[in-house]
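Chemist: Mind looking over this structure? Questions follow.
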Amino acid sequence: MLTITVAKNKKDAFPTLQEAVLSVADGLSETVRICVEPGVYEEKVFIRKENLEIVGMGPDPGAVIFRYGDGAKKPRPDGDGEYGTFNTAVLFFAGKDITVRNITVENTAGPGCQAGQALAVYAAADRLSFYNCRLLGWQDTLFVGEPITCQMKKLMLPDFFTASKIKVDHSLIRNYFKDCYICGDVDFIFGPNTAFFEDCEIHSRGRSSEEKAFITAASTPKEQEYGLVFSHCHLTGEEDANVYLGRPWRDFAKTAFVRCTMDPHICPEGWQNWGRVRAEVLCDYVEYANEGPGAAPEKRAPFSRQLENPQLDDYFSRENVLKGPDGWNP
């Protein structure tokens with residue numbers, strides 16, 4: 000395996016992750032590992048690669064931090080309006096077979112009421128996995144979404160990214176998160192991909208207003224079997240948080256919480272229809288064998304479902320949710 004290093008003020012190392020990524024040739028069949036030494040890296044990084052591994056070398060994910068502060072309300076440098084949601088990501092991933100370990104990604108723009116939506120990660124690569132990472136933000140922290148051609152034309156992408164021949168359009172985009180900490184307040188995990196969260200802490204920040212917040216906003220395509228699946232996760236929240244599990248960004252949103260522990264910040268009804276009766280009929284919001292003071296199955300919104308069939312452990316397993324047509328099992 001080819002290994003390269005990112006470090007501040009170190010000979011024979013790249014000073015930024017972006018420079019290290021650009022040093023990796025497209026089309027390599029073997030995996031390239033980028034080892035990142037401890038430090039705070041103030042940069043936006045655009046990654047369109049295959050067979051890449053990014054590893055933080057600190058004792059914990061807080062030792063290696065990638066940080067930037069773009070928010071949706073920020074004026075574009077070309078004077079053509081504001082950044083919008085999807086130009087704000089600290090790390091933007093496209094391509095296939097990328098693994099990220101032991102790092103923190105933080106958008107420092109601030110709460111949505113001030114900065115607008117502000118992504119830490121734009122996850123648009125298929126077979127993209129995160130292990131022991133921290134994703135920190137407020138509104139729209141993590142977007143699990145595709146970089147379809149029409150969407151890319153709307154984005155402020157560097158020339159090296161758009162010129163790459165690495166494939167970005169996939170029939171199914173799958174993302175895996177293991178032992179991660181993800182925090183935000185409004186819709187902070189959202190998008191159309193099939194994404195599996197295993198043994199993660201999903202933390203809701205408190206809000207200055209009394210309005211309820213939302214963990215998820217799925218936009219699952221109608222024909223896709225799985226959307227956002229949380230398995231054995233712990234849902235935590237600040238003392239003043241009052242939170243829905245999710246609301247449907249698109250009508251056919253699919254979100255499942257399976258054997259999760261929910262703290263009391265989860266409001267009893269659990270789910271909201273985003274003001275659309277049609278979505279209540281078409282979305283698929285399910286819970287199975289959850290525990291904790293926030294679980295409250297008897298008080299859930301009537302358009303959600305509490306499931307009991309023990310075969311659901313297999314149906315919502317990592318292997319089944321992520322296998323797709325190629326049998327991927329991260």
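Numbering (numbering that gives the first Met the number 0), first residue to last: 0 to 329. Where a beta carbon is used, it is the ideal one built from N, C-alpha and C, also for glycine. Remember, it's a predicted structure, so these values are computed and weren't measured experimentally.
1) Please check if any C-beta of chain D sits within less than 7 Å of the C-beta of L234.
2) Cutting at 7 Å between CB atoms, please list the residues of its own chain near E41, excluding the five before and the five after it.
3) Within this structure, are the beta carbons of W270 and G245 separated by less than 7 Å?
4) Measure from the alpha carbon of E49 to the alpha carbon of each residue in F251, A6 and V99, then state which is nearest.
5) Distance, Cα to Cα, P220 vs T2?
6) Any contact of the segment 122-142 with the segment 167-179, i.e. 3+ C-beta pairs under 8 Å?
7) Measure the CB-CB distance between A122 and F92 and report whether it falls below 7 Å.
8) Whole angstroms are fine: how far does the CA of Y287 sit from the CA of L311?
9) Hey, quick one: how far does the beta strand (DSSP E) through V54 stretch, first residue to last?
10) By Cβ distance, which residues of its chain are closer than 6 Å to F13, with the 5 residues on each side in sequence left out?
11) Exposed or buried, what is Q138 when buried is set at 16 or more other beta-carbons lying within 10 Å of its beta-carbon?
12) Identify every residue that forms a DSSP beta bridge with G183.
13) Return the first residue and the last residue of the beta strand (DSSP E) that N272 is part of.
14) How would you write the range of the beta strand (DSSP E) that N106 sits in, first residue to last?
15) Would A300 pass as a contact of H264 if the rule is Cβ separation under 7 Å?
16) Runs of 4 residues minimum, wholly inside the segment 81-147: which ones carry the alpha helix (DSSP H) assignment?
17) Which residue wins for smallest C-alpha separation from I53, given the options L90, G83 and D25?
18) What does the alpha-carbon distance come out to for the pair E222 and G38?
19) Whose C-alpha, out of G144, A295 and D69, is nearest the C-alpha of G83?
20) My parser needs the alpha helix (DSSP H) runs of 4 or more residues fully inside the segment 239-286; what are they?
21) In terms of alpha-carbon separation, which member of V285, K153 and G205 lies closest to A81?
22) Which first and last residues belong to the alpha helix (DSSP H) in which N319 is found?
23) Given a cut-off of 7 Å, decide if A71 and G355 are closer than it, judged by their beta-carbon atoms.
24) Count the other CB atoms within 10 Å of the CB of P146; is the residue buried (16 or more) or exposed (fewer)?
25) Quick one: Cα of I165 to Cα of Y284, how far?
26) Could you work out which residue in D96, A119 and K73 is closest to Q113 when comparing CA atoms only?
27) Check whether the Cβ atoms of C179 and C232 sit closer than 7 Å, and answer yes or no.
28) Per DSSP, what kind of secondary structure is F302 in: helix, strand or coil?
29) Can you say whether A162 is buried or exposed, counting buried as having 16 or more other CB atoms within 10 angstroms of its CB?
30) List the residues that DSSP assigns as beta-bridge partners of R173.
Modeler: Once the coordinates are examined:
1) Although the question refers to chain D, the structure presented lacks it and comprises just one protein chain.
2) For this step, residue 41 is matched to residue 42 along the sequence shown. Within the same chain, E41 has close Cβ partners R66 and Y67.
3) As a first step, residue 270 is located in the sequence shown; it is residue number 271 there, counting from the start. As a first step, residue 245 is located in the sequence shown; it is residue number 246 there, counting from the start. For W270 and G245, yes; Cβs fall inside 7 Å.
4) The residue given as residue 49 occupies position 50 in the sequence shown. Measuring from the Cα of E49, the nearest candidate turns out to be V99.
5) Here residue 220 refers to the residue found at position 221 of the sequence shown. Here residue 2 refers to the residue found at position 3 of the sequence shown. Roughly 38 Å separates the two Cα atoms.
6) yes
7) Sequence index remark: in the sequence shown, residue 122 carries index 123 (1-based). Sequence index remark: in the sequence shown, residue 92 carries index 93 (1-based). In contact: A122 and F92 (Cβ atoms closer than 7 Å).
8) Sequence index remark: in the sequence shown, residue 311 carries index 312 (1-based). Sequence index remark: in the sequence shown, residue 287 carries index 288 (1-based). If I take the Cα positions, the gap works out to 8 Å.
9) As a first step, residue 54 must be located in the sequence shown, where it is residue number 55. Unbroken beta strand (DSSP E) run through V54: V44 to G55.
10) Locating residue 13 in the sequence shown gives position 14, counting from the first residue. Excluding sequence neighbours, F13 sits near V5 and A19.
11) Reading the sequence shown from its first residue, position 139 is the one you call residue 138. Label assigned to Q138: buried.
12) One-based indexing of the sequence shown puts residue 183 at position 184. DSSP, once it has assigned bridges, lists S203 as partnering G183.
13) As a working note, residue 272 is residue 273 in the sequence shown. Element bounds for N272: n/a, residue is neither H nor E.
14) Along the sequence shown, one-based indexing puts residue 106 at 107. Counting along the chain, the beta strand (DSSP E) containing N106 begins and ends at T103 to N106.
15) Taking the first residue of the sequence shown as 1, we reach residue 300 at position 301. Taking the first residue of the sequence shown as 1, we reach residue 264 at position 265. For A300 and H264, no; Cβs fall outside 7 Å.
16) 111-114
17) Working through the sequence shown from its first residue, we reach residue 53 at position 54. Residue L90 is the option with its Cα nearest to I53.
18) For this step, residue 222 is matched to residue 223 along the sequence shown. For this step, residue 38 is matched to residue 39 along the sequence shown. Their backbone Cα atoms lie some 43 Å apart in a straight line.
19) Taking the sequence shown and counting its residues from 1, one reaches residue 83 at position 84. Considering only alpha carbons, the answer is D69.
20) 276-281
21) Taking the sequence shown and counting its residues from 1, one reaches residue 81 at position 82. Correcting the residue type first, residue 81 is Glu in the shown sequence and not Ala. Considering only alpha carbons, the answer is K153.
22) In the sequence shown, residue 319 corresponds to position 320, counting from 1. Its alpha helix (DSSP H) spans residues R317 to L321.
23) There is simply no residue 355 to check, as the chain begins at 0 and stops at 329 in what is shown.
24) Along the sequence shown, read from residue 1 onward, the residue named residue 146 stands at position 147. Per the 10 Å Cβ criterion, buried.
25) Walking along the sequence shown from the start, residue 165 turns up at place 166. Walking along the sequence shown from the start, residue 284 turns up at place 285. The alpha-carbon atoms of I165 and Y284 are separated by roughly 35 Å.
26) Locating residue 113 in the sequence shown gives position 114, counting from the first residue. Answer by Cα proximity: K73.
27) By 1-based counting over the sequence shown, the position of residue 179 is 180. By 1-based counting over the sequence shown, the position of residue 232 is 233. No, the Cβ-Cβ distance between C179 and C232 is not below 7 Å.
28) Taking the first residue of the sequence shown as position 1, residue 302 is located at position 303. F302: coil per DSSP, three-state reduction.
29) Taking the sequence shown and counting its residues from 1, the one referred to as residue 162 is at position 163. A162 should be labelled exposed.
30) Counting from 1 along the sequence shown, the entry for residue 173 is found at position 174. Answer by DSSP bridge pairing, in chain order: T193.
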